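For the sequence shown, the positions run -9 to 312 when my numbering is used.
Where a beta carbon is used, it is the ideal one built from N, C-alpha and C, also for glycine.
These numbers were taken from a predicted model, which means no experiment stands behind them.
Report on one structure; see the data block that follows.
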Amino acid sequence: MLRTIATSGVSSGIALTLNFLNPNSAQAFNVANLEQLLKTGNCRFCDLRDADLSGTDLSGAILSGADLSGANLSEANLSGAKLIDAQLIGTNLSGANLMGANLIKALLNNANLLGADLTGANLILANFKDAQLMGANLMGTNWISATNITESQLSYASQLDDITLPDESKPTFCQGEETLNGVIGSLSSQNGFPFVQNYSTCSWMIQTSESMNAVALDIPALSLKDTVLEFFDGNDPTQLLTSMTGEVEDQTLMFASDALLIRYSVDFSPNTLGFELSYEGMVKSGPEPTTSVPEPSSLIGLGLLSLYGWTQRKQFSSQPKT
């Protein structure tokens, strides 16, 4: 909860507020929004661009979705503040107290965080492009799926103990297209993250082996609300084999190709869980399999080859395709 201006007592706090409201001063922020923040500490989606809030006690303030681009928050107390989806582009946060702050999906492009204390802050999906972190305390911070953060930026921080970084063995949230070589393998949309990033598209190209002529794909039960899972022929990515959305039951899909392109598109779905799918290259005996499939609108079959006719199955150890 907002309590007071943190630096110089009541009189200077009043002077600071009056300076904010001076109609002759250049300003980009919304005056009514600023008054609301100073009075209540609750200012979701407020326009506070270029506001001078240096030294202000904003501990526990609710600023989710607020635009604080270019604002001066140096030495401000933002401990425990909610800054989810906040725009902090070019914001001066030098020396600020951000202990335990929630900065999920915040935009911190070009932000000045020199000497800031982010101990225990939640930085999931935050964008740190060109942010300055020299001397910042990052102890216990959660960086899962944070974007545009470099090793160089982190190396300038003063404390890096117990931070949570993405697992490099698989992406915390799929980025772009990933190529998976080998007859047996798995793919994951994310690793332990509680929800999916909105407005994202991820894809995986599965390349088994030239000796294979089909791919078996094991899919667990999925809830694909506001999301679409599509399957394309990997040798002709323009050919959609089938698609899924809504509630999907645990099942095995069979595709007549040695390569498969999987695309996962997310609209606005903050509660969608991630998934992990496993696949295996296979050989079908008899005539060469066909790529003709049912229409994608059907959730039964979904462009699958029936298990009927699959009389021989060969398994190979995972090897890169040559």
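A check of alpha carbon separations from D40 across D47, L28 and F19 identifies F19 as the nearest.
In terms of CA proximity to F245, V205 leads the group A91, K274 and V205. In this structure, G85 lies away from G70, with their beta-carbon atoms at least 8 Å apart. Taking 4 residues as the shortest admissible run, the region 130 to 157 contains the following complete alpha helix (DSSP H) segments, listed from N- to C-terminal end: 141 to 145. C192 and T169 have their C-alpha atoms roughly 12 Å apart. The shortest C-alpha to C-alpha distance from M124 to any of T137, A111, L207 and L150 is the one to L150.
In the structure shown, V256 adopts extended strand secondary structure according to DSSP, grouped into three states. By DSSP's assignment, V205 forms a beta bridge with F245 and G271. Under the Cβ criterion (8 Å, minimum of three pairs), the region 236 to 254 does not count as touching the region 137 to 151. Per DSSP, Q77 lies in no alpha helix (DSSP H) and is assigned neither H nor E. A straight line joining the alpha-carbon of L108 with that of L24 spans about 24 Å. E220 is the residue among F118, E220, Q229 and M89 whose C-alpha sits nearest the C-alpha of I252. For the set S135, G110, A61 and G105, the Cα lying nearest the Cα of F118 is the one of S135. Of the residues assessed, N138 falls on the exposed side of the cut-off, its CB having fewer than 16 other CB atoms within 10 angstroms. Distance from the CA atom of N171 to the CA atom of S199, rounded to whole angstroms, is 8 Å. The beta carbon of A91 lies closer than 8 Å to those of L68, S69, G70, A71, K72, L73, L108, A111 and N112 in the same chain, with the five residues before and after it left out. Residue environment for D240: exposed (fewer than 16 other C-beta atoms within 10 angstroms of its C-beta). L250 is the residue among E270, K29 and L250 whose C-alpha sits nearest the C-alpha of L231.
Boundaries of the alpha helix (DSSP H) around V21: V21 to T30. Residues S176 and D208 of the same chain have their beta carbon placed closer than 6 Å to that of S268, with the five preceding and five following residues left out of the count. S213 and Q197 have their C-alpha atoms spaced approximately 27 Å apart. In this structure, A121 places its C-beta atom within 8 Å of the C-beta atom of A101.
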